[in-house]
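Visitor: Here the sequence shown stands for residues 9 to 458, numbered as in the working numbering.
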Amino acid sequence: MTTEQDTTELAERVEEALRGDDVERAAEVIASLHPADRADLYERLDPELREAFFSVLSTEQMAELMEYLDEEVRGVVTARMTRVTLARVLDRTSNDVAVDVLRTLPPSDMARVLSAMSTAQEISPLLEHADESAGGLMTRGYVALHPEMTVQQAITFLRLRKPLADEAYYLYVLDASNRLQGVVNLRELILSEADTRIEDVMTKDPIAVDPNTDQEDCLRLFERYRLRALPVVDEQQVLRGIITFDDIMNVSRWEADEDIYEIVGLPAEESIFSPLSVSLRRRMPWLFLNLLAAAYGAAVVGVFEDTIAKAAALAVFMPIVAGQSGSSGIQTITLMVRGLASGDLERRHLRHALLKEVTTGLVKGLLFAVVVGGAALAWQGEWAWGPVVGLAMIGNMTFAGALGVIIPMTLRRMHLDPAVASGIVVTSFTDVMGFLLLLGMGTLLISELR
C-alpha cells in the first residue's frame, strides 16, 4: 500500500526525472505503481509536466490511468489525445469508462473515435441509455453459461475465457435466445461435483433491473441484498449487461457527494481544481438567491429600526438567534436528504419525522433559551430581556426543525432532488424568522427593555 508520504516522494522523484529529461528513470518509477497511485501521482504533477508523464505510458498504462482519473482531469487528458490514440486506449478500458469518455466528446469526434474502436459493437448499445441509469452503468463484460453444461465444462470454459475478477464472481445462465435463466456463484461452481448440470446449481429468478432503472435504485438493491454484481435485462428478459460492484461504489460516492454539494447549492462535479470561470458559473446562481433572501431579511430589520434604536443590544442577539437556528435546520436537512436518498425515509414517514424534528427543535430551543436568555438578562439587568431572547430562540429552533423536514419532502413531491440548495433555503428562512421573532417581541416589550 502506498502511503501519502510515499506518494509525495514518488511525485518528487518523477518530477525530478522529467525535468532532467531522464525519461527511462521516470518510466521505471511510473511502471512500478498501481494504476490508482499512478492516477494520484499524475494529478499531483505540475501542469507542464503532465504531458511528459503521459508520453512515457504505454497504451495499456494509459487505459489503466483513465479508469482512476478524476472526471474533470480525465476530460482534459482526453482533449489532448489524438482521436486514433483515444480509440486504442478506450478499446482497453472497461465499457462504462469508455462510454463516459465518449459522452464528453462532440458528436463528430464521438463518431470518429467509435468508428476506429474494435469494441464499437459492444460500446454502441450502451450509449443509447441515460448516463445515470442502469443501462448507462452496465458493462458487457460477463460470463454466460448454458443450463445444460456440466460444472466441469463450465470450469474448462472459464479457464479458456480467462475473465476479469469482477466479471467472474457471478456466472449468468442463458438460454438459446440469451434470456436470463439463473445465476451461479463462482464458489458454488467450484464446490459442486464435476458432472452436475449448471441448471441444478444455479439460483433461479435472480434479482435484475431493466436498463431504465435509476442508478440510486440500483445502489439500494446492492446494499439491501449485498450483491457483487447486478444483471440488466430488457422486457424479454434478454441479458444486456451487468453492473459491477466497483461501478456501484462509484455511484455511492457520487450520490453522497451530490447530496452534500447540493445542500449548499453546488453541483456534484464542482472541484477545487475547476477553472475559475466554471466555478463562478456553478456557484453564483444560488448565491444570488441567498442575496435576495438576505435583502428580505434586511428589510425586516429595517421595519424595526426604531426598536433597535431604543434597545441597541437586540442587534447583538440577532446573529445568535438566526445562526443557531440555521445550523439546527442544516442538521435536520442532512438527516432528511440522506434518509430519502437511501430509501429509509418515505412519504408515509412524514408525520413521524415532522413531530420528531419539531420536538427536537423545541427541546434544543429551550436549552439554548436558558443559556442565551440568561446571558441577556445578566448583561442588561432588565427582566424582559430573558423572555424576549429566550422565546425568540425557542420559536426559531422549532421553526427550523419543521422547515428541515418540509423542504426536502416538498422537493421530492415536486420530483426534484431533495438536496437542491436546501441548506441555503433553510438558513435564509431561519434568518428572516429569527429577526422577526426577536425584534417583534422586542417591540412589544420595548418599555421593559430600556
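Just so you know, even glycine gets a beta-carbon here, dropped at the ideal spot from N, CA and C.
1. By how many angstroms is the C-alpha of Val259 removed from the C-alpha of Asn193?
2. Which first and last residues belong to the alpha helix (DSSP H) in which Asn193 is found?
3. How would you write the range of the beta strand (DSSP E) that Ala237 sits in, first residue to last?
4. By the DSSP assignment, the alpha helix (DSSP H) with Thr127 in it spans what residues?
5. Kindly give me the distance between the Cβ atoms of Val434 and Ile415, rounded to whole angstroms, as I take these residues to be in contact under 8 Å.
6. Starting from the C-beta of Asn298, find all residues in its chain whose C-beta is less than 7 Å away, skip the five residues before and the five after it, and write them out in chain order.
7. Count the other CB atoms, across all protein chains shown, that sit within 10 Å of the CB of Arg82; report buried if there are 16 or more and exposed otherwise.
8. What do you reckon, are the CB atoms on Asp104 and Met125 nearer than 7 Å?
9. Taking the runs of the alpha helix (DSSP H) that are 4 residues or longer, which of them lie wholly in the stretch 377-442?
10. Answer yes or no: do Asp203 and Thr252 have a C-beta to C-beta separation smaller than 7 Å?
11. Can you say whether Leu227 is buried or exposed, counting buried as having 16 or more other CB atoms within 10 angstroms of its CB?
12. Look at the alpha carbon of Gly403 and the alpha carbon of Met118, and state the distance between them as a whole number of angstroms.
13. Name the two residues that bound the continuous alpha helix (DSSP H) containing Val107.
14. Thinking Glu263 and Ala349 are a contact (beta carbons under 8 Å), I'd like their distance in whole angstroms, please.
15. DSSP beta-bridge partners for Asp222?
16. Where Val380 and Gly337 are concerned, what is the direct C-alpha to C-alpha distance, given to the nearest angstrom?
17. Quick check: the Cα distance between Ala400 and Ser279, rounded to an integer number of angstroms?
18. Whose CA, out of Ser102, Thr93 and Leu419, lies closest to the CA of Ser123?
19. Taking Cβ positions, are Gly249 and Thr342 nearer each other than 7 Å?
20. How would you write the range of the beta strand (DSSP E) that Arg248 sits in, first residue to last?
21. Using a Cβ-Cβ cutoff of less than 6 Å, which residues in the same chain neighbour Gly334 once the five nearest sequence positions on both sides are dropped?
Guide: In short:
1. Cα-Cα distance, rounded: 24 Å.
2. Segment Leu188 to Asn193 is the beta strand (DSSP E) holding Asn193; no alpha helix (DSSP H) there.
3. For Ala237, the enclosing beta strand (DSSP E) starts and ends at Ala237 to Val241.
4. From DSSP, Thr127 is part of no alpha helix (DSSP H); its letter is neither H nor E.
5. Distance from Val434 to Ile415 at the Cβ level is roughly 6 Å; contact confirmed, criterion being Cβ atoms closer than 8 Å.
6. Result list for Asn298: Ile432 and Ser436, in chain order.
7. By the neighbour-count rule (16 or more Cβ atoms within 10 Å), Arg82 is buried.
8. No; because the gap between Cβ atoms is not below 7 Å, this pair is not in contact.
9. Entirely contained in the stretch 377-442, the alpha helix (DSSP H) runs reaching 4 residues are, in chain order, 382-388 and 393-421.
10. Taking 7 Å as the Cβ cut-off, Asp203 and Thr252 do not qualify as a contacting pair.
11. The residue in question, Leu227, is buried, as its Cβ has 16 or more Cβ neighbours within 10 Å.
12. A straight line joining the alpha-carbon of Gly403 with that of Met118 spans about 57 Å.
13. Secondary structure note for Val107: its alpha helix (DSSP H) is the uninterrupted segment Asn103 to Arg111.
14. Between Ala349 and Glu263 the Cβ distance is about 6 Å, and since that is below 8 Å, they are a contact.
15. Its beta-bridge partners are Ser141.
16. Between Val380 and Gly337, the alpha-carbon positions lie close to 18 Å from each other.
17. C-alpha separation (whole angstroms): 38 Å.
18. Closest option to Ser123, Cα to Cα, is Thr93.
19. Contact: no.
20. Segment Leu247 to Thr252, the beta strand (DSSP E) holding Arg248.
21. Thr435 and Thr438, listed in sequence order.
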